[in-house]
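What follows is one structure encoded as structure tokens, with my remarks underneath.
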Amino acid sequence: MRGRLARRLVGSTMTGLTYGAAALAILPLAVIFIMLLVKGAGSLDLNFFIKSAVPVGEPGGGFAFAIVGTLIIVGLACVIGVPIGVATGIFLAEFGGGRFGFAVRFVADVLNGVPSIVIGIFAWTWLVKPMGHFSALAGGFALGMILVPIVARTTEEMVRLVPNSLREAALALGYPRWRTSLQVVVRTATAGIVTGCLVAVARVAGETAPLLFTALGNQFFSTRLNGPMAALPLQIYAYALGPYDEWHRQAWAGALVLIVLVLALSLIARAVVRAKHQHA
Amino acid sequence: MTTPPATTPPVQTVPPVQAAPATVPRLATDTLTAWYGVTSGVRDVTLACRENTVTALIGPSGCGKSTLLRSLNRMHELVPGARVTGRVLLDGYDIYDRGINPVEVRRRIGMVFQRPTPFPTMTIAENVAAGLAVGPPITRADRDVVVEHALRRAALWDEVKDRLHESPMNLSGGQQQRLCVARTVAPEPEVILLDEPTASLDPAGTAHIEELVQELKREFTVVIVTHNLQQAGRVSDVTAFFYLGELIEVGPTSRMFTAPGKAQTEAYITGRFG
């Protein structure tokens, strides 16, 4: 009888511990979100989304330039990083069994671990310095470089998840290897690959360090790819360090918008997965 | 080509001695050995499958029957380290000859697997037409005709004709398997290989597939691997018994099940092992 009591005690203690750990894991996100809402929501109004920065003391300034800048730079990063990343991932999953595949996988993992500021310095050395000025293009390139290894590895995982039986079925129908890969295997993995890309994009959207060396930031509304451009993380950084209360409030609001943007991307990613499961 | 042999005699009847006339076999193996690295999955098999017959490969698990089947359309070699020695003759030509493209071989020798494998991202119609996509160009109208014909041959048309453009994943397991049969027959192969096609199906689905096999042999040469002896008895004209990687005995199904020549065959068929 004692044994049974002890067992139940240990059981419920362990269960309690796992619940506690789970709660602890989501606590930071909850706290951050609540704090951003409290401090930032008050500064969110229509002007915030449609106006650019105004001189201190003047009312009605907004973050439109930074929001647009982030969209452009992240868009550039996708154009550069997603095709390369997806292609690399498909290669790794379908043909990456050999020594070269091993090397590529290793490099991707190392690249994944490189601090983003190092990527920023790299982009500065090879793009900003030779061009002679900061630019959105360099920013997009830096973020794209961060995207490539993440997208490559998630794509590889997703393609590997496709059951081998589908691959065999296509081959048995007389599909050549490459058509099997593209038309059956990758097509089946598409939803997963899109999800992986969205998650990766959500991650780089908040990167600040690489943009400090490349896009630099801009006080004015600009869509010129070849010149400095504002971005949400940069603007948050600049305003949070500034001396004015109004700037601080706007930085909080900007942070809230950034988090909501990233959250929205994650939700879209989940919706894609769910749509796939309903289909499958 | 000679007249096709009569439909399968029931197991119980006493067979006429060597009923079928000798014809050039559609598919034959000649001292075929399939290797996994240095070990052989199946050894030294010489077997002939005549046109419009069903040949059943039976034997206990691991006896090499599936390995042999996968050697017949060059699927075996897709396993890393796997290779084949000996010959497999399709209409008298060795499919392992230098210069023969395995992709071409697989278009002429279709295969249905143990578990249904519909392509989940394609519609039902697209699944059936999948094999046509890698064949000669075909107009949309022609393709629709082929799709309907293939689905009719797979006895699935009536069940899916109103949802050709829906996902195949909502079909039952048995329907999915018949869809795979339709997909296999659509490009008009010469031989159809069935690898335990009813292993994952319920009795109703199994009965459907078995009827289908009888239909298929009118047009194709069929080779079926099965672990179900009754099934071999019901659907096949010729039965080959494998044990520990070797072909023990081959003969007309009715004789194999009533008067097998080898003690091992008899022991297996009467359920003493395997």
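Protein chains in written order, with the working numbering: chain A, 853 to 1132; chain B, 5 to 278.
We put the beta carbon where it would ideally sit given N, CA and C, even for glycine.
Short of 9 angstroms Cβ to Cβ, which residues in the stretch 1018-1032 of chain A face chain B? L1018, R1019, E1020, A1021, A1022, L1023, A1024, L1025, G1026, Y1027, P1028, R1029 and R1031
L995 of chain A: which of A:I973, A:L944 and A:R856 sits nearest, CA to CA? A:I973
Best match in B:E192, B:L216, B:V189 and B:V195 for proximity to T202 of chain B [C-alpha to C-alpha]: B:L216
For Q179 of chain B and L160 of chain B, I'd like the C-alpha separation in whole angstroms. 7 angstroms
Specify, as a first and last residue, the run of the beta strand (DSSP E) that T1027 of chain A falls within. Reading off the sequence shown, one finds Tyr at residue 1027 of chain A, where the question assumed Thr. Taken as a continuous stretch (DSSP letters only), Y1027 of chain A belongs to no beta strand (DSSP E), as it is neither H nor E.
For N1078 of chain A, is the classification buried or exposed, using 16 other Cβ atoms within 10 angstroms of its Cβ as the cut-off for buried? So N1078 of chain A counts as exposed.
For R1039 of chain A, decide whether its Cβ has a neighbour in chain B, counting only Cβ atoms nearer than 8 angstroms. Yes, contact with chain B.
Please determine whether the Cβ atom of L1013 of chain A lies at a distance below 7 angstroms from any heavy atom of the ligand PLP. Inclusion of the ligand PLP in the displayed structure is not the case, the ligand content being empty and no account of it being possible.
Y247 of chain B burial status per 10 Å Cβ neighbour count (16 or more: buried): buried
Within 10 Å of its beta-carbon, does G275 of chain B have 16 or more other beta-carbons around it, so buried, or fewer, so exposed? exposed
With distance defined between alpha-carbon atoms, name the residue in B:A158, B:A211, B:E55 and B:R144 nearest to E219 of chain B. B:A158
Helix, strand or coil for V1046 of chain A, going by three-state DSSP, please let me know. helix
Beta-carbon proximity of L51 of chain B to A32 of chain B, cut-off 8 angstroms: yes
Thinking just about the alpha-carbon of each residue, which of B:R119, B:R156, B:V149 and B:R111 is nearest to the one in G135 of chain B? B:R111
On the DSSP letters alone, give me the boundaries of the beta strand (DSSP E) that D48 of chain B sits inside. T43 to C53
Using only CA atoms, which one of A:I1111, A:L861, A:Y1089 and A:Q1071 lies nearest to M1081 of chain A? A:Q1071
Count the other CB atoms within 10 Å of the CB of I886 of chain A; is the residue buried (16 or more) or exposed (fewer)? Around the Cβ of I886 of chain A, a 10 Å sphere holds fewer than 16 other Cβ atoms; the residue is exposed.
Specify whether the stretch 1050-1057 of chain A and the stretch 1000-1012 of chain A touch according to this definition: at least 3 beta carbon pairs, one from each stretch, less than 8 angstroms apart. yes
According to DSSP, is P264 of chain B part of a helix, a strand, or is it coil? Correct three-state label for P264 of chain B: coil.
Using the three-state DSSP reduction, which class does P256 of chain B fall into: helix, strand or coil? Strand.
Could you tell me whether the Cβ atoms of V88 of chain B and Y40 of chain B are closer together than 8 angstroms? no
Quick check: what's the CA-CA separation for A945 of chain A versus L1023 of chain A? Spanning the two alpha carbons is a distance of roughly 17 angstroms.
Alpha helix (DSSP H) containing W39 of chain B: first to last residue? W39 of chain B -> not in any alpha helix (DSSP H); beta strand (DSSP E) instead, spanning L31 to Y40.
Short of 7 angstroms Cβ to Cβ, which residues in the stretch 116-128 of chain B face chain A? For chain A, the residues of the stretch 116-128 of chain B that bring a beta carbon within less than 7 angstroms of one of its beta carbons are F117, R119, T121, F123, P124 and T125, in chain order.
Per-residue burial, G984 of chain A [other beta carbons within 10 Å of its own, 16 or more giving buried]: exposed
I'd like to know whether the C-beta atoms of I971 of chain A and T1007 of chain A end up nearer to each other than 8 angstroms. no
Could I get the ranges of all uninterrupted alpha helix (DSSP H) runs contained in the stretch 109-182 of chain B, with 4 residues as the minimum, in chain order? With a minimum length of 4 residues, the continuous alpha helix (DSSP H) runs that stay inside the stretch 109-182 of chain B are 128-133, 144-157 and 161-164.
Judging by CA-CA distance, which residue of B:C184, B:F245, B:P264 and B:T243 is the nearest neighbour of R119 of chain B? B:C184
If contacts are defined as beta-carbon pairs under 8 angstroms, then I250 of chain B and R47 of chain B qualify, I think. What distance do you get, rounded to the angstrom? At residue 250 of chain B the sequence reads Glu, which differs from the Ile that was named. That pair is a contact at about 6 angstroms.
Beta carbon proximity, R276 of chain B to chain A, threshold 8 angstroms: no
Straight-line Cα distance separating R78 of chain B from P172 of chain B: C-alpha of P172 of chain B to C-alpha of R78 of chain B: approximately 27 angstroms in a straight line.
Considering just the uninterrupted stretch of the beta strand (DSSP E) at V195 of chain B, what are its terminal residues? V195 to D199
Which bits of chain B does V956 of chain A rub up against, with CB to CB less than 9 angstroms? By Cβ distance, chain B contributes nothing, its closest Cβ being about 19 angstroms from V956 of chain A, past 9 angstroms.
Is the beta carbon of V138 of chain B closer than 8 angstroms to that of A190 of chain B? Going by C-beta atoms, A190 of chain B is not nearer than 8 angstroms to V138 of chain B.
In terms of residue numbering, what span does the beta strand (DSSP E) encompassing A86 of chain B cover? A86 to L94
Three or more C-beta pairs under 8 angstroms: does that hold for the stretch 1079-1098 of chain A against the stretch 1016-1034 of chain A? no
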